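Visitor:
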Amino acid sequence: MDDTDNSMVTVRDALEYASGALREEGIDTPMLDARLLLARAMGRDMLWLVTHENTCLTDTEAARFNRSMTERLAHRPVAYITGVKEFYGRSFRVTEGVLIPRPDTETAVEAVLEYADRYAGQVRILDLCCGSGAIGLSVAASLPRCYVTLSDISRTAIDVTVQNASLLGTDNCEIIQSDLFEDLPPMSYDIIVSNPPYVSGDEMGTLSAEIQLWEPREALYGGVDGLSFYRQIISEAPGMFRNRGTLIMEIGFDQARDVEKLLKDAGYEDISFKNDLAGIPRVVCAGHSGASRGELL
Ligand code: GLN
Numbered sequence: 000m001d002d003t004d005n006s007m008v009t010v011r012d013a014l015e016y017a018s019g020a021l022r023e024e025g026i027d028t029p030m031l032d033a034r035l036l037l038a039r040a041m042g043r044d045m046l047w048l049v050t051h052e053n054t055c056l057t058d059t060e061a062a063r064f065n066r067s068m069t070e071r072l073a074h075r076p077v078a079y080i081t082g083v084k085e086f087y088g089r090s091f092r093v094t095e096g097v098l099i100p101r102p103d104t105e106t107a108v109e110a111v112l113e114y115a116d117r118y119a120g121q122v123r124i125l126d127l128c129c130g131s132g133a134i135g136l137s138v139a140a141s142l143p144r145c146y147v148t149l150s151d152i153s154r155t156a157i158d159v160t161v162q163n164a165s166l167l168g169t170d171n172c173e174i175i176q177s178d179l180f181e182d183l184p185p186m187s188y189d190i191i192v193s194n195p196p197y198v199s200g201d202e203m204g205t206l207s208a209e210i211q212l213w214e215p216r217e218a219l220y221g222g223v224d225g226l227s228f229y230r231q232i233i234s235e236a237p238g239m240f241r242n243r244g245t246l247i248m249e250i251g252f253d254q255a256r257d258v259e260k261l262l263k264d265a266g267y268e269d270i271s272f273k274n275d276l277a278g279i280p281r282v283v284c285a286g287h288s289g290a291s292r293g294e295l296l
């Protein structure tokens, strides 16, 4: 009965009310968020909403929409409410405990695909600090001739990545829980890609309420100066390359010079940067001849 008995609230009314409330709460993209949440509450996509503005919500849909609005008004990110986030043309499952994939991070995927061309045969790729698996699984799905290892210290990240690999049907990958390189085999990879935690102590307090209240601190905080993970990855990656390797990392908006210096000091060559959608150097790529067996012993 409930589902046929409608609430007399139309799609247009619901969007108007919800976007107004979200705007008042200081949320950046009120209409987009209202549409995403209403589409989900009604089991439709956003295009359907545009063409059905006069359709009334059923009571069940209205109740579901109200519940998600309450969460959004508490600054819970839309992706955690809906449980999905689009990344590089695919849908990824996300839950609290993993960072929500950002559009800027697609730059890292593009860099990996570009560098993979330089390797013949099967390209072995490691996505270190994989979170939801967005980078590594996008690469695996886009490039059948590669084999991707995805790893993260967090159990939640590993569980979510396993789910995403199965949702996307990617089988040219493996998923291993590890604290950075600790439980991974040395001298194994051609390309190592990482979006490590890189937010500095000072910047942590300036992040939006969405991030500070809801996203995992362990995926964001990169030590007092934000560079801790880069130091460790840069120093240990050479021992993980099977031959000449490429290290590709996402960096914070003001970290290009510092990370470039760390790379140079550690003997990396051909250092280059790729800009994000805002024109800021967001991804660094660098080559290394790899550690000789002697150095490893
Ligand atoms: N870019 C993310 C942010 O703005 C930080 C991601 C990270 O630390 N790897 O919050």
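The opening position of the sequence shown corresponds to residue 0 in numbering that gives the first Met the number 0, with each subsequent residue numbered one higher.
Even for Gly, the Cβ is constructed at its ideal location relative to N, Cα and C.
All values derive from a computational prediction rather than experimental measurement.
Report, in whole angstroms, the separation of the C-beta atoms of Glu259 and Val283, which I expect to be a contact under 8 Å.
Guide: Contact flag correct, Cβ pair sits at about 7 Å.
Visitor: According to DSSP, is Gly19 part of a helix, a strand, or is it coil?
Guide: Looking at Gly19 - three-state DSSP - the assignment turns out to be helix.
Visitor: Check for me: the beta strand (DSSP E) holding Asp126 runs from which residue to which?
Guide: That run of the beta strand (DSSP E) goes 122 to 127.
Visitor: Can you tell me where the alpha helix (DSSP H) holding Tyr114 begins and where it ends?
Guide: Counting along the chain, the alpha helix (DSSP H) containing Tyr114 begins and ends at 105 to 115.
Visitor: Can you find a heavy atom of the ligand GLN that lies under 8 Å from the Cβ of Gly251?
Guide: Checking the Cβ of Gly251 against the ligand GLN gives yes.
Visitor: Between the alpha carbons of Thr245 and Arg11, how many angstroms are there, rounded?
Guide: The straight-line gap from Cα to Cα measures roughly 51 Å.
Visitor: Tell whether a beta-carbon distance below 9 Å holds between Ile26 and Leu72.
Guide: Going by C-beta atoms, Ile26 is nearer than 9 Å to Leu72.
Visitor: Quick check on Phe91: buried or exposed, where buried means 16 or more other Cβ atoms within 10 Å of its Cβ?
Guide: It counts as buried.
Visitor: If distances are taken between C-alpha atoms only, which option among Ala140, Pro143, Leu136, Ser141 comes closest to Leu149?
Guide: Nearest option by C-alpha distance: Leu136.
Visitor: Near Met45, which residues of its chain fall below 8 Å by C-beta distance, leaving aside the five closest residues on each side in sequence?
Guide: The answer, listed in chain order, is Arg34, Leu35, Ala38.
Visitor: Please report the Cβ distance between Arg243 and Ser288, rounded to the nearest whole angstrom; I am assuming they are in contact, meaning their Cβ atoms lie under 8 Å.
Guide: Going by Cβ atoms, the distance from Arg243 to Ser288 rounds to 5 Å, so yes, they are a contact pair.
Visitor: Tell whether a beta-carbon distance below 9 Å holds between Tyr197 and Leu179.
Guide: Going by C-beta atoms, Tyr197 is not nearer than 9 Å to Leu179.
Visitor: Assuming Val122 contacts Ala115 (C-beta within less than 8 Å), just tell me the rounded distance between them.
Guide: Between Ala115 and Val122 the Cβ distance is about 5 Å, and since that is below 8 Å, they are a contact.
Visitor: Confirm, please, whether the CB-CB distance from Asp257 to Tyr229 is below 9 Å.
Guide: Cβ atoms of Tyr229 and Asp257: closer than 9 Å.
Visitor: Is the stretch 188 to 203 close to the stretch 166 to 178, with three or more CB pairs under 8 Å?
Guide: No, they do not touch.
Visitor: Just the Cα atoms here: how many angstroms apart are His51 and Glu202?
Guide: Each residue's alpha carbon lies about 43 Å from the other.
Visitor: For the ligand GLN, any of its heavy atoms closer than 8 Å to the Cβ of Asn274?
Guide: Asn274 Cβ: outside cutoff for every heavy atom of the ligand GLN.
Visitor: Whose C-beta lies closer than 8 Å to the C-beta of Ala13 among residues of the same chain, with five residues either side of it excluded?
Guide: The answer, listed in chain order, is Ala33, Leu37, Leu56, Ala61, Phe64.
Visitor: What did DSSP end up calling Tyr146 once you bin it into helix, strand or coil?
Guide: DSSP places Tyr146 in strand when its eight states are reduced to three.
Visitor: Under the DSSP definition of a beta bridge, which residues are partnered with Gly130?
Guide: According to DSSP, Gly130 bridges with nothing at all.
Visitor: May I have the straight-line CA-CA distance separating Asp269 from Glu113, to the nearest angstrom?
Guide: Whole-angstrom Cα-Cα distance: 14 Å.
Visitor: Determine the direct distance from the alpha carbon of Glu181 to that of Ser131, and round the result to whole angstroms.
Guide: The alpha-carbon atoms of Ser131 and Glu181 are separated by roughly 20 Å.
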